[in-house]
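Asks:
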Amino acid sequence: MLELAAAFICFTALLTYVNYRFVGLPPTIGVMVIALVFSVLLQIASALGFPMLEETIEQLIQRIDFNELLMNWMLSFLLFAGALHVNVQDLRSYRWPIGLLATLGVLVSTALIGGTAYYVFPLLGWHVDLVYCLLFGALISPTDPIAVLGILRSAKAPKSLEITIVGESLFNDGVAVVVFTVLLGILASGETPSAGHAVMLFVEEALGGILFGSVIGYVTYRMLKSIDQYQIEVLLTLALVIGGAAVAPHLHVSGPIAMVVAGLFIGNRGREKAMSDTTRRYVDGFWELIDEILNAMLFVLIGMELLLLPVTGLHLAAAVAFTLAILLIRWISVTPVVMLTPHWRHMAKGTMGILTWGALRGGISVALALSLPAGPERDLILTITYILVLFSILMQGLTIGRVVRRVTGNAPSEPDQHGH
2 MLELAAAFIC FTALLTYVNY RFVGLPPTIG VMVIALVFSV LLQIASALGF
52 PMLEETIEQL IQRIDFNELL MNWMLSFLLF AGALHVNVQD LRSYRWPIGL
102 LATLGVLVST ALIGGTAYYV FPLLGWHVDL VYCLLFGALI SPTDPIAVLG
152 ILRSAKAPKS LEITIVGESL FNDGVAVVVF TVLLGILASG ETPSAGHAVM
202 LFVEEALGGI LFGSVIGYVT YRMLKSIDQY QIEVLLTLAL VIGGAAVAPH
252 LHVSGPIAMV VAGLFIGNRG REKAMSDTTR RYVDGFWELI DEILNAMLFV
302 LIGMELLLLP VTGLHLAAAV AFTLAILLIR WISVTPVVML TPHWRHMAKG
352 TMGILTWGAL RGGISVALAL SLPAGPERDL ILTITYILVL FSILMQGLTI
402 GRVVRRVTGN APSEPDQHGH
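Heads up: take any position in the sequence shown, counting from 1, add 1, and you land on our numbering.
1) Here's the rule I'm using: 16 or more other beta-carbon atoms within 10 Å means buried, otherwise exposed. How should residue 232 be labelled?
2) Can you give me the start and stop residues for the alpha helix (DSSP H) that residue 70 sits inside?
3) Roughly how many whole angstroms lie between the Cα atoms of residue 337 and residue 253?
4) By the 10 Å Cβ neighbour count, where 16 or more other Cβ atoms means buried, how is residue 98 classified, buried or exposed?
5) Could you give the distance in angstroms between the alpha-carbon of residue 250 and the alpha-carbon of residue 18?
6) Quick check on this structure: which residue in 225, 192, 102, 363 has the alpha carbon closest to the alpha carbon of residue 296?
7) In the DSSP assignment, find the unbroken alpha helix (DSSP H) run with residue 129 in it and report its ends.
8) If we call anything under 8 Å between Cβ atoms a contact, is residue 315 one with residue 124?
9) Alpha carbon to alpha carbon, how far is residue 372 from residue 178?
10) Excluding the 5 residues preceding and the 5 following residue 1 in the sequence, name in chain order all residues of the same chain whose CB lies nearer than 6 Å to its CB.
11) Taking all protein chains shown into account, do 16 or more other C-beta atoms lie within 10 angstroms of the C-beta of residue 397, making it buried, or fewer, making it exposed?
12) Under 6 Å Cβ to Cβ from residue 230, same chain only, skipping five residues before and after it: list those, please.
13) Would residue 215 pass as a contact of residue 172 if the rule is Cβ separation under 8 Å?
14) Give the secondary structure of residue 198 by DSSP, where H, G and I count as helix, E and B as strand, and everything else as coil.
15) Could you check how far apart the C-beta atoms of residue 456 and residue 42 are, in whole angstroms? I think they sit under 8 Å.
16) Look at the alpha carbon of residue 176 and the alpha carbon of residue 52, and state the distance between them as a whole number of angstroms.
17) Where does residue 377 sit, in a helix, a strand or coil, going by DSSP?
18) Taking 6 Å as the limit between beta carbons, can you name the residues of its chain near residue 181, skipping five residues before and five after?
19) Short of 8 Å in beta carbon distance, which residues of its chain neighbour residue 12, apart from the five on each side in sequence? Order them along the chain.
20) With 16 other CB atoms within 10 Å as the buried threshold, where does residue 204 fall?
21) Alpha helix (DSSP H) containing residue 312: first to last residue?
22) Who are the near neighbours of residue 378 in its chain, counting only those whose CB is closer than 6 Å to its CB and skipping five residues on each side?
23) Who are the Cβ neighbours of residue 392 in its own chain at under 7 Å, not counting the five residues just before and after it?
24) For residue 102 and residue 255, I'd like the C-alpha separation in whole angstroms.
25) Sorted by chain position, which residues of the same chain lie with C-beta nearer than 7 Å to residue 93's C-beta, five sequence neighbours on each side aside?
26) Tell me which same chain residues have a C-beta within less than 6 Å of the C-beta of residue 419, skipping the five on either side of it?
27) Starting from residue 160 and walking both ways along the alpha helix (DSSP H), at which residues does that stretch end?
28) Between residue 235 and residue 276, what straight-line distance do the alpha-carbon atoms span, to the nearest angstrom?
29) What runs of the alpha helix (DSSP H), each 4 residues or longer, lie entirely inside the region 27 to 80?
30) Would you check if the distance between the CB atom of residue 357 and the CB atom of residue 339 is smaller than 8 Å?
Below, the structure is given as structure tokens:
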């Protein structure tokens, strides 16, 4: 395992350097593109009669449990790091669009995408049960802002949009995981629970995650406040995330939601009342590094997963159809949410268009697809999900800056290679 971790970290570092030095794309998109090109070159070499390198790398990738790595560990670190730098006052100012998009938006998206899949799959020769289609809707609904945030800032996107996109993504990951977990339980039991039971499961996971995150955030805050030693304080924040991620599943509460709440608590109240200037500097630096490193590793993994999936022309055709459908459904789910928001008429120009096009899909969708029970449905959904994530990151991620500038009329600022 140590050799595998060493090889993967070295490979990620090399791709990050190549992108920064020679390619110049936004960091996460750049490393994924290079990894994707590398995967294609390996497949070409294999087709030309040189299969050994591809087979060796495939064996290494197969040893990585993507679902376990992302869902149980990386996601907790990424969500905590993201929440740590979010101002609660900003979230409160935009609580209505963020709250509605992260809850109602996810539920509407799950139902509409699942319903679309239920009718589209048979047209392409695939017969998939409704519960699998709804699982597909749930796993493809959460958005990932990582690849797009630096671009939004360089394109001078309105602050209201940036806060809304970040806030939505922090919470809709957790909500989508809860919805997915409830649907997966229905699939495992083979029985359709009552609506009341499904709602109770949802509430238990979501509210339990909020309560658990508040408790561990408060306990850590009190410990931070009682000392002034930055090395120990950084270690305490690390222990919060690792310990919280390990305990949450045993309590049957949402770990992702708990990490967001704990991160907001430490990043706001903890930062103001429990940290010295020195501690703030080291805590911020530590978690910014964790965020950057894990995101680079995650997007390299996404690029290399191509080696393990049997992608066909039919899969590509299905992914194109679903890409168009998902964008339309995103617009449908965003429009009423924005219009239900108080003072929506005063929101930034082009809000609905940017919220639609800026809703990138990321690694969490692939990880959830990997957690489906083994079978033909899993293989189909995983392959299409993977292609959708690639399309989303490449097509939307590389054009969102131009979309923002065209819609808002802002001139571009100097591109930020570091994604900040």
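Yeah, the Cβ is synthetic: ideal placement off N, Cα and C, and Gly gets one too.
Replies: Looking at the atomic coordinates:
1) Start at 1 with the first residue of the sequence shown, and residue 232 comes out as number 231. Per the 10 Å Cβ criterion, exposed.
2) Locating residue 70 in the sequence shown gives position 69, where the first residue counts as 1. Element bounds for residue 70: 67 to 70.
3) Residue numbering aside, residue 337 sits at position 336 when the sequence shown is read from its first letter. Residue numbering aside, residue 253 sits at position 252 when the sequence shown is read from its first letter. Rounded to the nearest whole angstrom, the C-alpha separation of residue 337 and residue 253 is 32 Å.
4) Taking the sequence shown and counting its residues from 1, the one referred to as residue 98 is at position 97. Buried, by the Cβ-count rule.
5) What you label residue 250 is simply residue 249 of the sequence shown in a count that begins at 1. What you label residue 18 is simply residue 17 of the sequence shown in a count that begins at 1. When rounded, the separation of the alpha-carbon atoms in residue 250 and residue 18 is 37 Å.
6) Walking along the sequence shown from the start, residue 296 turns up at place 295. If we check each option's Cα against that of residue 296, 363 comes out closest.
7) Looking up residue 129 in the sequence shown gives position 128. Annotation: residue 129 is outside any alpha helix (DSSP H) and is labelled neither H nor E by DSSP.
8) Along the sequence shown, one-based indexing puts residue 315 at 314. Along the sequence shown, one-based indexing puts residue 124 at 123. No. Outside cutoff.
9) In the sequence shown, residue 372 corresponds to position 371, counting from 1. In the sequence shown, residue 178 corresponds to position 177, counting from 1. Going by the C-alpha atoms only, they are around 11 Å apart.
10) In the structure as shown, the chain begins at 2 and stops at 421. Residue 1 is therefore absent and cannot be evaluated.
11) Start at 1 with the first residue of the sequence shown, and residue 397 comes out as number 396. Residue 397 should be labelled buried.
12) Position 229 of the sequence shown holds residue 230. No residues qualify anywhere along the chain.
13) Taking the first residue of the sequence shown as 1, we reach residue 215 at position 214. Taking the first residue of the sequence shown as 1, we reach residue 172 at position 171. Contact: no.
14) One-based indexing of the sequence shown puts residue 198 at position 197. Looking at residue 198 - three-state DSSP - the assignment turns out to be helix.
15) Residue 456 cannot be examined here, being either before or after the span of the chain that is shown, 2 to 421.
16) Reading the sequence shown from its first residue, position 175 is the one you call residue 176. Reading the sequence shown from its first residue, position 51 is the one you call residue 52. So the two alpha carbons sit approximately 42 Å from each other.
17) Here residue 377 corresponds to residue number 376 of the sequence shown, with the count starting at 1. The answer is helix: DSSP assigns residue 377 an H, G or I state.
18) Position 180 of the sequence shown, counting from 1, holds the residue named residue 181. Only 139, 140, 369 meet the Cβ criterion.
19) Counting from 1 along the sequence shown, the entry for residue 12 is found at position 11. Around residue 12: 301.
20) In the sequence shown, counting from the first residue as 1, residue 204 sits at position 203. It counts as exposed.
21) Counting from 1 along the sequence shown, the entry for residue 312 is found at position 311. Neither: residue 312 is in no alpha helix (DSSP H) and is coded neither H nor E.
22) By 1-based counting over the sequence shown, the position of residue 378 is 377. The beta carbon of residue 378 lies closer than 6 Å to those of 129, 133 in the same chain, with the five residues before and after it left out.
23) In the sequence shown, counting from the first residue as 1, residue 392 sits at position 391. Hits under 7 Å: 320, 324.
24) Looking up residue 102 in the sequence shown gives position 101. Looking up residue 255 in the sequence shown gives position 254. Rounded to whole angstroms, the gap between the alpha carbons of residue 102 and residue 255 is 18 Å.
25) As a position in the sequence shown, residue 93 is number 92, starting the count at 1. Around residue 93, the same chain offers no residue with a beta carbon nearer than 7 Å, after the five sequence neighbours per side are excluded.
26) Walking along the sequence shown from the start, residue 419 turns up at place 418. Interpretation of residue 419 is limited by its pLDDT of 43, a score under 50 that renders its predicted location unreliable; the figure taken from the coordinates is listed afterwards. Annotation for residue 419: no residue places its beta carbon closer than 6 Å to its own, counting only its chain and skipping 5 residues before and after.
27) The count along the sequence shown starts at 1 and reaches residue 160 at position 159. 160 to 190 is the span of the alpha helix (DSSP H), which, as asked, contains residue 160.
28) For the purposes of this step, residue 235 is taken as the residue at position 234 of the sequence shown. For the purposes of this step, residue 276 is taken as the residue at position 275 of the sequence shown. When rounded, the distance between both Cα atoms is 10 Å.
29) Segments of the alpha helix (DSSP H) lying fully in the region 27 to 80: 28 to 48, 53 to 63, 67 to 70.
30) Within the sequence shown, numbered from 1, the residue matching residue 357 stands at position 356. Within the sequence shown, numbered from 1, the residue matching residue 339 stands at position 338. Their beta carbons are not under 8 Å apart, which means residue 357 does not touch residue 339 by this criterion.
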